[in-house]
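Enquirer: Going down the list, the protein sequences come from chains A and B. Take 851 as the starting number for the first sequence in the working numbering and just add one per residue. Take 851 as the starting number for the second sequence in the working numbering and just add one per residue. Glycine included, each C-beta is placed from N, C-alpha and C at the ideal position. Note that the structure is a prediction, hence the values are computed from the model and not measured.
Protein chains: 2
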Amino acid sequence: MTPRQQRLEQQRSDILQAAASLIAQRGFHGMSMRDLAEATGFGVSSLYNYFASKEELLAELQIRAFETLIDAANDSLKDTHDAASRLYVFIFNQVRYFVDHADIMRVLIHEAAALPAEHRQRVRTLKEDYFRIGRDAVAAVFAEGCGPKESARGTVEPVALDRATYSIFGMINWVWAWYEPTLHGTPEDVARSIHSLAVCGLVARCPATPTHDQLPGSLGQRQVSLLMNRPTATK
Amino acid sequence: MTPRQQRLEQQRSDILQAAASLIAQRGFHGMSMRDLAEATGFGVSSLYNYFASKEELLAELQIRAFETLIDAANDSLKDTHDAASRLYVFIFNQVRYFVDHADIMRVLIHEAAALPAEHRQRVRTLKEDYFRIGRDAVAAVFAEGCGPKESARGTVEPVALDRATYSIFGMINWVWAWYEPTLHGTPEDVARSIHSLAVCGLVARCPATPTHDQLPGSLGQRQVSLLMNRPTATK
DNA sequence: AATTGACGAACGAACGTTCGTTCGCCAACC
DNA sequence: GGTTGGCGAACGAACGTTCGTTCGTCAATT
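#1: Verify the CB distance criterion: does B:V973 have a CB-CB separation below 8 Å to chain A?
#2: Determine the contact status of B:A1014 and B:V988, defining contact as a CB-CB distance below 8 Å.
#3: Is A:A1096 close to chain B, meaning its C-beta is less than 8 Å from at least one C-beta of that chain?
#4: Quick check: the Cα distance between A:K977 and A:T918, rounded to an integer number of angstroms?
#5: For B:V910, is the classification buried or exposed, using 16 other Cβ atoms within 10 angstroms of its Cβ as the cut-off for buried?
#6: With 16 other CB atoms within 10 Å as the buried threshold, where does B:A967 fall?
#7: Counting only Cβ-Cβ distances shorter than 8 Å, please list the residues of the region 869-899 of chain A near chain B, keeping chain order.
#8: Quick check on A:M1021: does DSSP put it in helix, strand or coil?
#9: Using the three-state DSSP reduction, which class does A:H951 fall into: helix, strand or coil?
#10: At which residue ranges does the region 1030-1056 of chain B contain complete alpha helix (DSSP H) runs of 4 or more residues, listed in the order of the chain?
#11: Does DSSP put A:A902 in a helix, a strand or coil?
#12: Thinking A:W1026 and A:I959 are a contact (beta carbons under 8 Å), I'd like their distance in whole angstroms, please.
#13: Give the residues from the region 1001-1028 of chain A that approach chain B closer than 8 Å (Cβ to any Cβ), ordered along the chain.
#14: Hey, is A:S801's beta-carbon within less than 8 Å of any beta-carbon in chain B?
#15: Using C-beta distances below 7 Å, list every residue in its chain close to A:D885, excluding the 5 sequence neighbours before and after it, in chain order.
#16: Locate the alpha helix (DSSP H) running through B:L886, then write down its first and last residues.
#17: Going by C-alpha distance, which of A:E1030, A:F948, A:A1010, A:L858 is nearest B:D1012?
#18: List the residues of chain B that A:S1043 touches, going by C-beta distances under 8 Å, in chain order.
#19: I'd like the list of long-range same chain contacts for A:V894, defined as Cβ closer than 6 Å, with 5 residues on each side in sequence excluded.
#20: Excluding the 5 residues flanking B:R982 on each side, which residues of the same chain have their C-beta closer than 6 Å to its C-beta?
#21: Answer yes or no: do A:R946 and A:P1037 have a C-beta to C-beta separation smaller than 8 Å?
#22: If we ignore side chains and look at the alpha-carbon of each, how far apart do A:R862 and A:A915 end up?
#23: Apart from the five residues just before and just after B:D979, which ones in its own chain have a Cβ nearer than 7 Å to its Cβ?
#24: Flag this pair as yes or no: are the beta carbons of B:H1045 and B:L937 separated by less than 8 Å?
#25: Please name the residue, chosen from A:F940, A:L907, A:D925, that lies closest to A:H879 on a Cα-to-Cα basis.
#26: Under DSSP, the alpha helix (DSSP H) around B:D929 begins and ends at which residues?
#27: Closest to B:R858 by CA distance: which of B:P1008, B:T975, B:Y900, B:D929 is it?
#28: Kindly list, in the order they appear in chain B, the residues whose Cβ is closer than 8 Å to that of A:L1047.
#29: Could you spell out where the alpha helix (DSSP H) holding A:A964 opens and where it closes?
#30: My assumption, with CB atoms under 8 Å, is that B:W1024 sits in contact with A:N1023. Please give the rounded CB distance.
#31: Please list, in chain order, the chain A residues whose beta carbon lies closer than 8 Å to that of B:V957.
#32: Run down chain A in chain order and give the residues with a C-beta less than 7 Å from the C-beta of B:H960.
#33: Enumerate in chain order the residues of its own chain whose CB-to-CB distance from B:R985 is below 8 Å, with the five nearest sequence positions on each side excluded.
#34: Using CA coordinates, which residue listed in A:L866, A:A993, A:E1007, A:F1019 is at the minimum distance from A:I941?
#35: Would a check of beta-carbon distances place B:V988 closer than 8 Å to chain A?
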């Protein structure tokens, strides 16, 4: 990659990052290209040297973010094998992504509908891929059970599995709406709370569940790449 | 209330309902007053006979909706006393509201930031009221435990309680993003899945928890008033 | 019972502003 | 010296809002 292309790519990333921040605050329709120009230091028209249109910009933002998130999840999961821990890793991966890139995550959650029809399908596919990863992790916990042998095993009704998976996604995704580092503990605390709720609920004591001490709590050491660096760019 | 005022109130409600639908689809900034005029059959300028501005309209929409939701929750809870059932009732109340008024709920979740500063405080207060209702229900389950006596009782760390409550809200609030009646079962199914996850988690068996058969499953018979009827107007 | 007049409710047209986007031109770099 | 990346100016369209006006309705006055 020539330095020329590198510079271009860097500035595309900067613009996307600024756009994410503005869109997170005001919504896609609430951000104007003039706002974005001011935030990036470019002139309005210069932005069109990097993105064909405002909608293309949104599409690229969402696609990159989802791909980064999916890759990070796969990467985190590849060394963990027992069901409960895998679920924790999955949860923590996304919570961490949230905390590091709150703006982007907010855009991902809010502005799917603002995409032009052509790009919507691509994002939907990515979203389904991501959902499947989460659902597999949930299904494994379901199937394995947490108790020694007395707990129920086997398959679950698919619809119920979907509902449970969506609910767990809900816990994670909702983090953007409330999490304040100074008030609500570390990202690890949040991930543990969610994981504990998902596996054991509010009240149950689930003896065979790995204590959270045993879980890969320092997962965060491998820093997720800056949002906009595609996986190929990080190695 | 004169028929004159009644008619006016009715049309205000109609406009708000139409606005909710449009805002749910396109976001607040994505809906123009011309869109709203077309959807309601009014001329653009006539809308200003009912609302002072676009922002006032959003504020009124959110305030009415929250008040309706809070009243419905309090109403549903007043006859239920054991902790687990109260949590179920709370969950189901909101899930039902979701299913009946998906548009409004979506606006409630997405467009809080689009409010002018003056109205934001009012909505925030309502939101905090509602949060407290949910947190009390969660705290009671926490404190009471579900098992006979071997389960832990007593108070929980407040921060952990908040995290758990927010997570449960997350499950409920995320319903808007995925629930499709033809795919995912009845609203009762959804509420039961969430309640089960909240109380018992994915795998634990929690003997003393009331089976869902015993829970007020037919809560839905008392239909929540149409969104826009303020509590004072329903009696 | 007919006339009047005040008023609520609707409208189309137009306001000034801001929107996303395009164009032509200029400076800097290979 | 051509290519790239930058800009201000300008575009038509759409934005939220206001304005002057009209047209029923209905109570009070004749």
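Expert: Short version:
#1: The sequence position of residue 973 of chain B within the second sequence is 123, counting from 1. With 8 Å as the cut-off, B:V973 does not count as an interface residue toward chain A.
#2: The residue given as residue 1014 of chain B occupies position 164 in the second sequence. The residue given as residue 988 of chain B occupies position 138 in the second sequence. Yes, the Cβ-Cβ distance between B:A1014 and B:V988 is below 8 Å.
#3: Since the first residue shown for chain A is 851 and the last is 1085, residue 1096 of chain A is missing from the structure and cannot be characterised.
#4: For the purposes of this step, residue 977 of chain A is taken as the residue at position 127 of the first sequence. For the purposes of this step, residue 918 of chain A is taken as the residue at position 68 of the first sequence. Rounded to whole angstroms, the separation of the alpha carbons of A:T918 and A:K977 is 12 Å.
#5: Reading the second sequence from its first residue, position 60 is the one you call residue 910 of chain B. Note that residue 910 of chain B is Glu in the sequence shown here, rather than Val. B:E910 counts as buried, since no fewer than 16 other beta carbons sit within 10 angstroms of its beta carbon.
#6: For the purposes of this step, residue 967 of chain B is identified with residue 117 of the second sequence, where counting begins at 1. An exposed status is given to B:A967, since fewer than 16 other beta-carbon atoms sit within 10 Å of its beta-carbon.
#7: Near chain B, meaning a CB-to-CB distance below 8 Å, the residues of the region 869-899 of chain A are Q875, R876, G877, F878, H879, G880.
#8: Taking the first sequence and counting its residues from 1, the one referred to as residue 1021 of chain A is at position 171. Taken through DSSP and simplified to helix, strand or coil, A:M1021 comes out as helix.
#9: Residue 951 of chain A sits at position 101 when you count from the first residue of the first sequence. Coil.
#10: DSSP runs (the alpha helix (DSSP H)) wholly in the region 1030-1056 of chain B: 1031-1034, 1037-1050.
#11: Residue mapping note: residue 902 of chain A aligns to position 52 of the first sequence, counting from 1. Of the three classes helix, strand and coil, the one that applies to A:A902 here is coil, per DSSP.
#12: Locating residue 1026 of chain A in the first sequence gives position 176, where the first residue counts as 1. Locating residue 959 of chain A in the first sequence gives position 109, where the first residue counts as 1. Correct: roughly 7 Å between the Cβ atoms.
#13: Answer in chain order: S1001, A1002, V1009, A1010, D1012, R1013, A1014, Y1016, S1017, I1018, F1019, G1020, M1021, I1022, N1023, W1024, V1025, A1027, W1028.
#14: Past the boundaries of the shown model lies residue 801 of chain A; chain A is included only from 851 to 1085, so the question cannot be answered.
#15: Taking the first sequence and counting its residues from 1, the one referred to as residue 885 of chain A is at position 35. Listed in chain order, the non-local C-beta contacts of A:D885 below 7 Å within the same chain comprise L872, local neighbours out to five positions each way being set aside.
#16: Position 36 of the second sequence, counted from the start, is the residue given in the question as residue 886 of chain B. Per DSSP, B:L886 is one residue of the alpha helix (DSSP H) stretching across 883-890.
#17: As a first step, residue 1012 of chain B is located in the second sequence; it is residue number 162 there, counting from the start. Nearest of A:E1030, A:F948, A:A1010, A:L858 to B:D1012, Cα basis: A:E1030.
#18: For this step, residue 1043 of chain A is matched to residue 193 along the first sequence. Under the 8 Å cutoff, chain B gives A1010, R1013, A1014, S1017.
#19: Position 44 of the first sequence, counting from 1, holds the residue named residue 894 of chain A. Counting only Cβ-Cβ distances below 6 Å, and skipping sequence neighbours, we find M883, R884, A887.
#20: Taking the second sequence and counting its residues from 1, one reaches residue 982 of chain B at position 132. Closer than 6 Å at the Cβ level, and outside the excluded window around B:R982, lies no residue.
#21: Position 96 of the first sequence, counted from the first residue, corresponds to residue 946 of chain A. Position 187 of the first sequence, counted from the first residue, corresponds to residue 1037 of chain A. A contact, by the Cβ cut-off of 8 Å.
#22: Numbered from its first residue, the first sequence carries residue 862 of chain A at position 12. Numbered from its first residue, the first sequence carries residue 915 of chain A at position 65. A:A915 has its alpha-carbon roughly 14 Å from the corresponding atom of A:R862.
#23: The sequence position of residue 979 of chain B within the second sequence is 129, counting from 1. Only I920 meet the Cβ criterion.
#24: As a position in the second sequence, residue 1045 of chain B is number 195, starting the count at 1. As a position in the second sequence, residue 937 of chain B is number 87, starting the count at 1. The Cβ-Cβ distance between B:H1045 and B:L937 falls below 8 Å.
#25: Counted from its first residue, the first sequence places residue 879 of chain A at position 29. Answer by Cα proximity: A:L907.
#26: Sequence index remark: in the second sequence, residue 929 of chain B carries index 79 (1-based). Taken as a continuous stretch (DSSP letters only), B:D929 belongs to no alpha helix (DSSP H), as it is neither H nor E.
#27: As a working note, residue 858 of chain B is residue 8 in the second sequence. Inspection of the sequence shows that residue 858 of chain B is occupied by Leu rather than by Arg. Per the Cα distances, B:Y900.
#28: Position 197 of the first sequence holds residue 1047 of chain A. Residues of chain B passing the Cβ test: A1014, S1017, I1018, L1047, A1048, G1051.
#29: In the first sequence, residue 964 of chain A corresponds to position 114, counting from 1. Careful: A:A964 lies outside any alpha helix (DSSP H) and carries neither H nor E.
#30: Indexing the second sequence from 1 puts residue 1024 of chain B at position 174. Indexing the first sequence from 1 puts residue 1023 of chain A at position 173. At roughly 6 Å, the Cβ-Cβ gap stays under 8 Å, so B:W1024 and A:N1023 are in contact.
#31: Translated into the one-based positions of the second sequence, residue 957 of chain B becomes position 107. What B:V957 touches in chain A: nothing, since even the nearest Cβ is about 12 Å away.
#32: For this step, residue 960 of chain B is matched to residue 110 along the second sequence. Contacts between B:H960 and chain A, judged by CB atoms closer than 7 Å, involve H960 in chain order.
#33: Here residue 985 of chain B refers to the residue found at position 135 when the second sequence is read from its first residue. L1011, D1012, T1015, listed in sequence order.
#34: Indexing the first sequence from 1 puts residue 941 of chain A at position 91. For A:I941, the nearest C-alpha among the options comes from A:F1019.
#35: For this step, residue 988 of chain B is matched to residue 138 along the second sequence. Answer yes: the Cβ-Cβ gap between B:V988 and chain A drops below 8 Å somewhere.
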